[in-house]
Ligand SMILES: Cc1ncc(COP(=O)(O)O)c(C=O)c1O
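In the working numbering, the protein residues as written are 2 to 395.
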């Protein structure tokens with residue numbers, strides 16, 4: 002069979018990496034005794050790149066709920082909710098989410114990726130316009146593609162640029178779907194949501210906010226940047242994932258639209274994929290209960306984030322954003338980033354290596370995600386591993 006030309010570019014990157022003898026995409030965690038520790042290449046390793054912000058993957062109540070569901074409802078649903086029907090837990094979780102966000106209704110998707118795909122492609126189609134932040138997550142870009150709508154990017158976190166582009170749409174601006182994220186996953190920077198809501202109100206357009214990286218931590222009750230900025234009631238659709246603070250897999254959208262129930266049937270990523278298994282639903286429902294009263298966990302996460310940020314700042318690294326659960330160390334050079342990442346792994350610390358085109362501004366970066374489950378000693382050990390690097394720091 003002839004080589005597929007579409008795969009040549011990917012193959013070239015892999016070959017470049019394997020020539021150096023480092024494979025950042027083939028990491029295998031041999032054992033995972035806790036949310037912050039893994040065994041990698043036989044070496045005890047601190048996990049600082051998991052997005053497990055609250056450490057709930059090992060929460061005893063979530064595990065008990067999952068175990069009970071596994072035993073009473075089996076391992077999987079073996080099909081989509083449209084074809085096979087919903088289990089009671091699917092709908093109960095949707096009602097839990099709607100209550101938590103004080104929104105009319107919710108739709109649960111099988112991943113956060115599918116939530117963005119599903120919502121954008123159900124809300125917009127050919128002839129419509131979607132306005133997205135230039136630094137949007139791939140799932141937002143892919144949702145736009147699936148929708149077939151005209152997609153316009155505005156400058157990252159720039160409400161004035163959005164307003165300018167909305168004005169150019171004339172009467173169509175009122176139907177344009179605006180999509181932003183609460184916290185951006187690569188650098189951990191926050192959207193100026195109050196100002197984005199002002200733009201949305203000026204044009205009467207719907208606004209969707211992806212709170213994947215802010216759910217559970219920001220805002221008084223952990224409802225994200227929308228709550229923190231006091232605009233949750235004005236956000237039309239909040240999208241999120243169970244795969245970070247809720248310690249599981251799945252995605253959701255909550256909203257006040259009377260069409261929420263219809264939207265699910267117009268959403269191919271909802272209709273044509275298997276629904277979440279009972280254990281996932283049960284553990285997520287429990288995690289959501291934990292989240293509502295998780296002030297102590299949130300405080301521990303803030304303390305850990307501040308400690309890591311201060312430690313790396315003192316070492317002279319260029320950091321992506323003010324103290325936050327995502328602490329990104331910016332490194333201009335790709336090869337340098339790769340070697341640094343490998344150095345950290347060999348010193349018992351796992352972080353995410355992020356390279357263009359997945360990163361903003363063509364930067365390569367080492368992305369740490371802090372967990373409430375990290376101990377201060379682990380945070381200090383992460384800083385010590387960074388300190389042991391003798392190569393360039395930017
Ligand atoms: C902003 C954003 N939205 C959506 C997703 C997708 O979430 P999931 O992992 O549940 O598919 C991610 C994942 O990293 C994300 O960062």
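Glycine residues also receive a C-beta, built at the ideal position from the N, C-alpha and C atoms. From a predicted model like this one, the values you see are computed outputs, not experimental measurements.
Would you grab the beta carbon distance between residue 347 and residue 392 for me? Rounded to a whole angstrom, and I think it's under 8 Å.
Residue 347 to residue 392, Cβ: 13 Å. No contact.
In this structure, does DSSP put residue 169 in helix, strand or coil?
Helix, per DSSP.
Looking at residue 186 and ligand 1, is the gap between the Cβ and the nearest heavy atom below 8 Å?
True, at least one ligand heavy atom lies under 8 Å from that Cβ.
Okay, do the segment 58-74 and the segment 260-270 touch, 3+ Cβ pairs below 8 Å being the bar?
Judged by Cβ distances under 8 Å, the segment 58-74 makes no contact with the segment 260-270, as fewer than three pairs qualify.
How long is the line joining the alpha carbons of residue 334 and residue 116, rounded to whole angstroms?
Going from the Cα of residue 334 to the Cα of residue 116 covers about 34 Å.
Residue 397 bridges to which residues according to DSSP?
The chain is shown from 2 up to 395; residue 397 falls before or after that span and cannot be answered.
Using the rule of at least 16 other Cβ atoms within 10 Å of the residue's Cβ for burial, across every protein chain shown, is residue 397 buried or exposed?
Residue coverage of the chain in this structure runs from 2 to 395, which leaves residue 397 outside it and unanswerable.
Relative to ligand 1, is the shortest distance from any of its heavy atoms to the C-beta of residue 172 smaller than 8 Å?
Outside the cutoff, so no.
Under 9 Å, do residue 327 and residue 157 count as touching if we go by C-beta distance?
No, Cβ-Cβ distance for residue 327 and residue 157 is not below 9 Å.
Does any heavy atom of ligand 1 sit closer than 8 Å to the C-beta of residue 214?
Residue 214: yes, Cβ under 8 Å from ligand 1.
Between which residues of its own chain and residue 52 is the CB-CB distance below 6 Å, once the five residues before and five after are set aside?
Result list for residue 52: 245, 370, in chain order.
For residue 356, which of helix, strand or coil comes out of DSSP?
Three-state DSSP puts residue 356 in coil, outside helix and strand.
Can you tell which of 27, 4, 6, 5 has its C-alpha closest to the C-alpha of residue 15?
Nearest to residue 15 by C-alpha distance, out of 27, 4, 6, 5, is 27.
Whole-angstrom distance between residue 118 and residue 10, CA atom to CA atom
Roughly 25 Å separates the two Cα atoms.
Strictly by DSSP, which residues pair up with residue 145?
Under DSSP, residue 145 shares a beta bridge with no residue.
Count the other C-beta atoms from every protein chain shown that fall within 10 angstroms of the C-beta of residue 205, then say buried if there are 16 or more, exposed otherwise.
Note on residue 205: under 16 other CB atoms within 10 angstroms of its CB, so exposed under the neighbour-count rule.
Buried or exposed: which applies to residue 202, given that a residue is buried once 16 or more other Cβ atoms fall within 10 Å of its Cβ?
Residue 202 should be labelled exposed.
Who are residue 258's beta bridge partners in DSSP?
DSSP, once it has assigned bridges, lists no residue as partnering residue 258.
I want to know whether the segment 139-148 touches the segment 73-86 - three or more CB-CB distances under 8 Å.
The segment 139-148, when compared against the segment 73-86, does not touch it at the 8 Å Cβ threshold.
What residues in its chain sit with their C-beta under 6 Å from that of residue 229, if we drop five residues either side in the sequence?
Taking C-beta separations shorter than 6 Å and ignoring five residues to either side along the sequence, the partners of residue 229 in its chain run 219, 220, following chain order.
Residue 297 and residue 63 closer than 9 Å at C-beta:
In this structure, residue 63 does not lie closer than 9 Å to residue 297 by Cβ.
Hey, quick one: how far does the alpha helix (DSSP H) through residue 88 stretch, first residue to last?
From DSSP, residue 88 is part of no alpha helix (DSSP H); its letter is neither H nor E.
Under 8 Å: do the segment 316-327 and the segment 175-187 share three or more Cβ pairs, one atom per stretch?
With a cut-off of 8 Å, the segment 175-187 and the segment 316-327 count as touching, because enough Cβ pairs lie within range.
Once DSSP output is grouped into helix, strand and coil, what is the label at residue 371?
In this structure, residue 371 counts as coil in the three-state DSSP scheme.
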